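What follows is a short report on a single structure.
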Amino acid sequence: MFREVDDFVASVEIVKQVCAENSVTHLFYNYQYEVNERARDVEVERALRNVVCEGFDDSVILPPGAVMTGNHEMYKVFTPFKNAWLKRLREGMPECVAAPKVRSSGSIEPSPSITLNYPRQSFDTAHFPVEEKAAIAQLRQFCQNGAGEYEQQRDFPAVEGTSRLSASLATGGLSPRQCLHRLLAEQPQALDGGAGSVWLNELIWREFYRHLITYHPSLCKHRPFIAWTDRVQWQSNPAHLQAWQEGKTGYPIVDAAMRQLNSTGWMHNRLRMITASFLVKDLLIDWREGERYFMSQLIDGDLAANNGGWQWAASTGTDAAPYFVFSTRQPRARNLIMRASLSASGYRNCAMCQGKWCMSRGSGRRKQV
1 MFREVDDFVA
11 SVEIVKQVCA
21 ENSVTHLFYN
31 YQYEVNERAR
41 DVEVERALRN
51 VVCEGFDDSV
61 ILPPGAVMTG
71 NHEMYKVFTP
81 FKNAWLKRLR
91 EGMPECVAAP
101 KVRSSGSIEP
111 SPSITLNYPR
121 QSFDTAHFPV
131 EEKAAIAQLR
141 QFCQNGAGEY
151 EQQRDFPAVE
161 GTSRLSASLA
171 TGGLSPRQCL
181 HRLLAEQPQA
191 LDGGAGSVWL
201 NELIWREFYR
211 HLITYHPSLC
221 KHRPFIAWTD
231 RVQWQSNPAH
241 LQAWQEGKTG
251 YPIVDAAMRQ
261 LNSTGWMHNR
271 LRMITASFLV
281 KDLLIDWREG
291 ERYFMSQLID
301 GDLAANNGGW
311 QWAASTGTDA
321 APYFVFSTRQ
331 PRARNLIMRA
341 SLSASGYRNC
351 AMCQGKWCMS
361 RGSGRRKQV
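All letters in the sequence shown, in the order written, are residues 1 to 369 by my numbering.
What follows is the structure in structure tokens.
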């Protein structure tokens, strides 16, 4: 069943209408932690007074509120949160239940053809399978063969060293509990810092950002986590912003990454750090411009993770390090380019990658800082 609405407010009335038309007695749904989504769910339950409504924490391993400080507050730094999260996990592993069997009685009405009324772009179905079975197989293969080497390979964009499961997680095709259980089945030392622990760390980062937006809803409203940073005077330069968006800055790794994003809807995590740092700490453009553009392009767009990543890059969020810059000019950037020819479509289409390119270490960087 599919219904298209213009906004969250209209969706409440549609759900109420569908429940009435089909004599619904129970409504089950998965929690979303963004501020508008939570307000919508409150209104839905209020509108369905005669329907039993039950929500589930499906998109997290441990629900918000399960990992708190001794003062019953949300952690503001990742490492203490991670340590408390692991401790809590060891006290009781969340169950990963099997998929329910199809009911033998009753008929399922076929869905009519759906026309989505918004711009769509193509994506690589080989890397981002639509079917759940394919995503599960991809998860199993990565946990068997890739998770153990993730720490060594994750920094190099030309190496297939990441799981590429972010889109399935963002859309609900896979649950984080499936990822956790499969990882521990294939890499049993992951909880104790052994093989697979670095990829587990990425799952915990994902949890951290979801917990944060629950207890700090202003993050969903384009507000920085560190309040005083809202007074930063960012540059307003539409030409520079457009050049960054289109991959026409003249910096090879930045341009390759942005063209990869625009053509595939995906970008390697190391490149997300580099392009974000370039926008906010080289071009001095407001991080919210980058956050907004990424969400408009990413096939794995996730408000909590995207916001957390951008605020980290801009030093306005948790774990902020104002001095930290992913410089496109320094030897590490050159090493990344030389080792990673970015076989993805972005780099191949980057005409500016040919010929000489320079690296400035002195006055340019001092001026940016």
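We put the CB at the ideal spot given by N, CA and C, even for glycine. No experiment lies behind these values; they were computed from the predicted model shown.
CA-CA distance, residue i and residue j?
i    : j    : result
S277 : I213 : 22 Å
Y293 : N262 : 10 Å
G290 : A314 : 10 Å
C19  : L116 : 23 Å
E4   : L191 : 43 Å
F8   : P64  : 23 Å
G301 : L271 : 15 Å
T229 : T316 : 6 Å
Y251 : M68  : 43 Å
L183 : A167 : 18 Å
Q260 : V60  : 29 Å
K87  : L62  : 11 Å
F208 : I136 : 24 Å
E95  : D255 : 43 Å
Q17  : L169 : 30 Å
F56  : G146 : 31 Å
P217 : H72  : 17 Å
A99  : R120 : 30 Å
R288 : W310 : 8 Å
T25  : V97  : 24 Å
W234 : K281 : 10 Å
Y75  : M273 : 23 Å
I337 : F156 : The pLDDT assigned to I337 is 48, lower than 50, so where the model puts this residue is not dependable; a value taken from the coordinates is nonetheless given after this. Their backbone Cα atoms lie some 9 Å apart in a straight line.
L303 : R210 : 9 Å
T171 : S122 : 16 Å
N306 : M295 : 7 Å
S113 : L241 : 39 Å
A340 : G70  : Residue placement at A340 cannot be trusted, given a pLDDT of 45 that sits under 50; what the coordinates show is reported in the next sentence. One C-alpha to the other measures close to 45 Å.
F78  : S236 : 32 Å
P188 : R223 : 40 Å
E246 : I253 : 13 Å
K82  : K101 : 35 Å
A257 : L279 : 13 Å
R49  : V42  : 11 Å
D6   : N36  : 14 Å
S345 : V130 : No answer about S345 holds up, because its pLDDT of 47 lies below 50 and its placement is not dependable.
K367 : E91  : With a pLDDT of 38 at K367, under the threshold of 50, the modelled position of that residue is not reliable, and no figure is offered here.
V232 : Y118 : 35 Å
Kindly identify the DSSP beta-bridge partner or partners of residue i.
i    : result
N30  : F56
I285 : Q235
Comparing the C-beta of residue i with each C-beta of chain B, is any distance below 8 Å?
i   : result
R40 : Absent from the structure: chain B. Only one protein chain is present.
Measuring alpha carbon to alpha carbon, tell me which residue in the options is nearest residue i.
i    : options                : result
V51  : E21, E37, N36, P80     : E21
A47  : A134, A185, E13, T69   : E13
Y150 : R182, V198, G173, L165 : V198
D124 : D255, F56, A137, T264  : T264
M267 : E186, N237, R120, G161 : G161
N370 : L219, T171, E91, R154  : Nothing about residue 370 can be read from this structure; the chain reaches only from 1 to 369.
P110 : V232, M1, G309, M93    : M1
P238 : F225, L284, I226       : L284
Q144 : F78, A227, T275, A195  : A195
W85  : E131, W205, L303, G172 : W205
V15  : T249, R140, V44        : V44
F225 : W312, N269, A126, S122 : W312
Q178 : G148, M93, W244, V35   : M93
A66  : W244, Y215, R103       : Y215
G193 : S105, G148, N269, E132 : G148
Tell me, to the nearest whole angstrom, how far the beta carbon of residue i is from that of residue j; I am working on the premise that it is less than 8 Å.
i    : j    : result
S11  : R40  : 6 Å
S175 : D58  : 6 Å
L203 : L219 : Actually they do not touch by this definition, with Cβ atoms about 20 Å apart.
I299 : F128 : 6 Å
Q138 : L165 : 7 Å
Review point. Can you give, in chain order, each stretch of the alpha helix (DSSP H) that sits fully within the region 205–271 and has at least 4 residues?
Key: 238–246, 252–264
Checklist entry - Quick one: complete alpha helix (DSSP H) runs, 4+ long, within the region 57–141? => result 78–91, 132–141
- Task: Would you list, in sequence order, the uninterrupted alpha helix (DSSP H) runs of no fewer than 4 residues that lie entirely inside the region 132–194?
- Result: 132–141, 150–153, 166–171, 176–186
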